[in-house]
Amino acid sequence: MIEAARGSLLGIEHLGREEILRILKLARRMNPRTARPLLRGKRVLLLFYEPSTRTRSSFEMAAKSMGAITTLVLSSGSSIEKGESLVDTGYTLRAVGADVIVVRHPNAGAPALMARNLDIPVINAGDGMHEHPTQALLDAYTILRHRKDLKGLHVAIIGDIFHSRVARSAIHLLSQFGAQLTLCGPPEFLPEVAGTLAPGLHITRTLEDAVRGADVIMLLRVQKERLGGTKISLQDYIARYQMTLGRLKLAKKDAIVMHPGPIIRGLELTWEVADCPQSVIVEEVRNGVPVRMAILARALGKAR
Amino acid sequence: MNRRSQNHSLLIRGGHLIDPAARIDAPMDVLLRDGQVAEVAPPGKTRGSAHDKFDARGLIVAPGFIDLHVHLREPGQSYKESIATGTAAAAAGGFTSVCCMPNTHPVVDSTEWVTWLQQPARGAVVNVFPIAAATKVSKGAALTDYRALQRAGAVAVTDDGRPILGEDIMREALRLAAEINLPVIQHAEDTRMTEHCSMNEGPTAFRLGLRGMKGAAEASIVERDVQLAQQFSGTRLHEAHISTADALKAVRRGKRSKARVTCEVTPHHFTLTDTDIRDYDANFKMNPPLRSAADREAIVVALGDGTIDAIATDHAPHAIHEKMVEFERAAFGITGLETALGLAVTCLHRQHKIPLTRIVELFTAGPTSVVDLRGRGTLARGSHADVTIFDPKKRWTFEGAKSRSKSRNTPFDGWQLTGKVVATIVSGEIVYRAD
Chain A
32 MIEAARGSLL
42 GIEHLGREEI
52 LRILKLARRM
62 NPRTARPLLR
72 GKRVLLLFYE
82 PSTRTRSSFE
92 MAAKSMGAIT
102 TLVLSSGSSI
112 EKGESLVDTG
122 YTLRAVGADV
132 IVVRHPNAGA
142 PALMARNLDI
152 PVINAGDGMH
162 EHPTQALLDA
172 YTILRHRKDL
182 KGLHVAIIGD
192 IFHSRVARSA
202 IHLLSQFGAQ
212 LTLCGPPEFL
222 PEVAGTLAPG
232 LHITRTLEDA
242 VRGADVIMLL
252 RVQKERLGGT
262 KISLQDYIAR
272 YQMTLGRLKL
282 AKKDAIVMHP
292 GPIIRGLELT
302 WEVADCPQSV
312 IVEEVRNGVP
322 VRMAILARAL
332 GKAR
Chain B
13 MNRRSQNHSL
23 LIRGGHLIDP
33 AARIDAPMDV
43 LLRDGQVAEV
53 APPGKTRGSA
63 HDKFDARGLI
73 VAPGFIDLHV
83 HLREPGQSYK
93 ESIATGTAAA
103 AAGGFTSVCC
113 MPNTHPVVDS
123 TEWVTWLQQP
133 ARGAVVNVFP
143 IAAATKVSKG
153 AALTDYRALQ
163 RAGAVAVTDD
173 GRPILGEDIM
183 REALRLAAEI
193 NLPVIQHAED
203 TRMTEHCSMN
213 EGPTAFRLGL
223 RGMKGAAEAS
233 IVERDVQLAQ
243 QFSGTRLHEA
253 HISTADALKA
263 VRRGKRSKAR
273 VTCEVTPHHF
283 TLTDTDIRDY
293 DANFKMNPPL
303 RSAADREAIV
313 VALGDGTIDA
323 IATDHAPHAI
333 HEKMVEFERA
343 AFGITGLETA
353 LGLAVTCLHR
363 QHKIPLTRIV
373 ELFTAGPTSV
383 VDLRGRGTLA
393 RGSHADVTIF
403 DPKKRWTFEG
413 AKSRSKSRNT
423 PFDGWQLTGK
433 VVATIVSGEI
443 VYRAD
């Protein structure tokens, strides 16, 4: 759809099954500790307009473990603060020698705008409420370490879906591979229109319904300040939507609990759920490195 | 307009005249003399002679088109557009008169600026009719001096770009304007419901991760205005750029009441829907936003059945640097003067079978039922010699780069259109002729 240099990764929606499978297969061959210097001499530019712990550090680890040079540019302390446009920032970073730009941005479509105007690949590391494709890929990778296939899996996505780029990317990916998705949250976080994002989505307002019989429980972060604009109080939200060990029992015995982070213990999940044996939250972070290695290798034409 | 129209005559012969105000839809010759329509007669039957002749065989001859809603960006934003370039684009689009919006820098809320807009030094090539701000600095707090503004040449008042939100101030605006028979134009948007929004609410906005404007933000204001307009006699309420089915329902209710309620729609709202927003291209970002397919269908129906009085472009030029940015940060608005007729013929006439006479009406008699432009909107004898001549069958490709506007922010670049302006005549002078 969007004109972008080969190797760009702007979203899951238009990526296609083949490409997703190719990235996941490549990721399985990646090991940051024993990697060959596939990207030696390559320059990976990390452009972050928003705070990030996991995505930023794992891209950096992924790039460096394959021998690439990384440079980090943050919106604060750069010319962006002086009013430089996104496209001009892209031209500048291209001119200093970037071979690929990894961008995190508060506005939906920002990576697409860069990609349209640059001749180097652009990787979306999260754009506004739109997509977070590398997260969806690492989540699929993680699920497939615990399940043979995505097809037919019961996946519950719970929380603030409206504001979540993680949810949009996950829904695009999992529904494409035949997972049965149940979305759960109050109307303010889960408007009915969410059901139009992919075929066969199920919406429920009751956490117990979503969790019952699930193979995968995907929790999303809830920002306290966003509850301010809704009819429900923090206490109500916790009472109705917090994942507890008791509620987790409704899921399949070997169900896994996922969360893209950062987690807020005591809000969307209890301390005990975060650390329980079924929680794969830390594993997701770990898997982010090989998956992003695969994505960078693909971007720089070293994927084989 | 200070043209040398004295002792000048032009015979437009062989064309097919569509003049809805005069109920003419027939082959007719039109003789223009001294800036006025001297004669309208069957082919070869004009009695007077002419210095110049225009061969209009195979073409439609119509009263000069009137655009109720353009942003010429002067004073203050001539990097986007000037009166000279904006009216050149208008001429190329077949418009002989444009009504320009007051949301400039500074806001046109005084007689000085209303006068300034009309001065020959501005270099207008078509007639420019200023619309003045309805409230001081369009802040929605204190009304401007309607009587003085009207005397200076303002044909309506509006705070376009923002709504007149407060109920009391809108009531007062309607009441005072009614006393002097001045239309109040509303930009219907309850901005309390559209904060941080950059497109229409719906599946596409959800998919793109963009905050969506609710249709109710428009309909609720139209609804309220229609109620207010009925509280006094003689009110003239005009709702600008209507984009939703619900707002059209409110307009229909208004038209059935004793109030004088009119409305306009833009070519982009009858042509495109929110699903056309691709790749976060900000040339598809405008306010009101592109709406759903159901809204678009309701607009097409309302254009056919008379609910809508006029097609207005909402020509809103912006510089490249205001559009080549993140979608949510991009300026609202697109250019529209040069594509209006082509889109109307292509979409409304060819696709939806709306007769050409109705389309011409929406560009001529319709607008003059909204604002008072004496002697325009018709080619009846004695009217201003403002004429639009177009070829309803001509296929052409619109190239944004060749636009006469200073700006290029159009979603229609490269579009194949049917229906092209061949010549535009203002006060008897040809101001645009297709090559």
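Chains as they are written, first to last, in the numbering used here: chain A, 32 to 335; chain B, 13 to 447.
Cβ coordinates follow ideal geometry from the N, Cα and C atoms, glycine included.
The model shown is predicted, which means the values in this text are computed figures rather than measured ones.
- The alpha-carbon separation between B:A252 and B:F402 amounts to approximately 26 Å.
- In the three-state reduction of the DSSP assignment, B:G76 falls in the coil class, being assigned neither a helical nor a strand state.
- For the 8 Å CB-CB criterion, A:L41 and A:P142 form a contact.
- Contacts between A:A201 and chain B, judged by CB atoms closer than 7 Å, are missing: the closest CB pair is about 13 Å apart.
- By the neighbour-count criterion, in which 16 or more other beta carbons inside 10 Å mark a residue as buried, B:R248 falls on the buried side.
- With a minimum length of 3 residues, the unbroken runs of beta strand (DSSP E) contained wholly in the region 215–252 of chain A fall at 233–235, 247–250.
- The three-state secondary structure of A:I174, taken from DSSP, is helix.
- With the criterion set as a beta carbon lying under 8 Å from some beta carbon of chain B, the members of the region 146–159 of chain A are R147, N148, D158, G159, in sequence order.
- Around the beta carbon of B:E276, 16 or more other beta carbons lie within 10 angstroms, which makes this residue buried.
- Using a Cβ-Cβ cut-off of 7 Å, A:N62 is close to nothing in chain B; its nearest Cβ partner there is about 34 Å away.
- Under DSSP, B:K432 forms a beta bridge with B:D403.
- Contacts between A:R323 and chain B, judged by CB atoms closer than 7 Å, are missing: the closest CB pair is about 21 Å apart.
- Check the Cα spacing between B:G214 and each of B:Q239, B:T351, B:S304: the tightest is with B:S304.
- As computed with DSSP, B:C275 is found in a beta bridge with B:E251.
- Excluding residues up to 5 positions away in sequence, I30, T369 lie with their Cβ nearer than 6 Å to the Cβ of B:D37 in the same chain.
- With respect to the C-alpha of B:Q242, the residue from B:A294, B:I233, B:R219, B:L186 having the closest C-alpha is B:L186.
- In the DSSP assignment, no residue is bridged to B:T216.
- At a Cβ-Cβ threshold of 8 Å, B:L360 and B:F282 count as neighbours.
- Looking at the backbone, the Cα of B:E51 and that of B:V73 are separated by about 14 Å.
- A:E239 counts as exposed, since fewer than 16 other C-beta atoms from the protein chains shown sit within 10 angstroms of its C-beta.
- Counting only residues of its own chain and dropping the five nearest sequence neighbours on each side, A:L279 has a CB closer than 8 Å to the CB of V242, I248, A286, V288, V304, C307, Q309.
- In this structure, A:R147 lies away from A:D246, with their beta-carbon atoms at least 8 Å apart.
- Under the Cβ distance rule, B:H208 does not count among the residues neighbouring chain A, no pair being separated by less than 8 Å.
- Closer than 8 Å to the CB of A:L117 there is at least one CB belonging to chain B.
- Note on geometry: alpha-carbon atoms of B:R219 and A:D191 lie some 15 Å from one another.
- In the three-state reduction of the DSSP assignment, A:S107 falls in the coil class, being assigned neither a helical nor a strand state.
- A straight line joining the alpha-carbon of A:A93 with that of A:G332 spans about 15 Å.
- Inclusion of B:V110 and B:V137 in the CB contact set at 8 Å is not warranted, their separation being larger than that value.
- The beta carbons of B:T400 and B:G389 sit no closer together than 8 Å.
- Here the alpha carbon of A:E49 sits roughly 26 Å from the alpha carbon of A:G159.
- With a cutoff of 8 Å on beta-carbon distance, A:L78 and A:L124 are scored as near each other.
- Interface annotation, B:H333: in contact with chain A, CB-CB separation under 8 Å.
- A:P63 places its beta carbon less than 8 Å from that of A:S96.
- Of the candidates B:D398, B:K414, B:D384, B:D398 places its Cα closest to the Cα of B:T436.
- Distance from A:L204 to A:I100 at the Cβ level is roughly 30 Å; contact not present, criterion being Cβ atoms closer than 8 Å.
- Burial is judged here by how many other beta carbons sit within 10 angstroms of a residue's own beta carbon; B:P279 has at least 16 and is buried.
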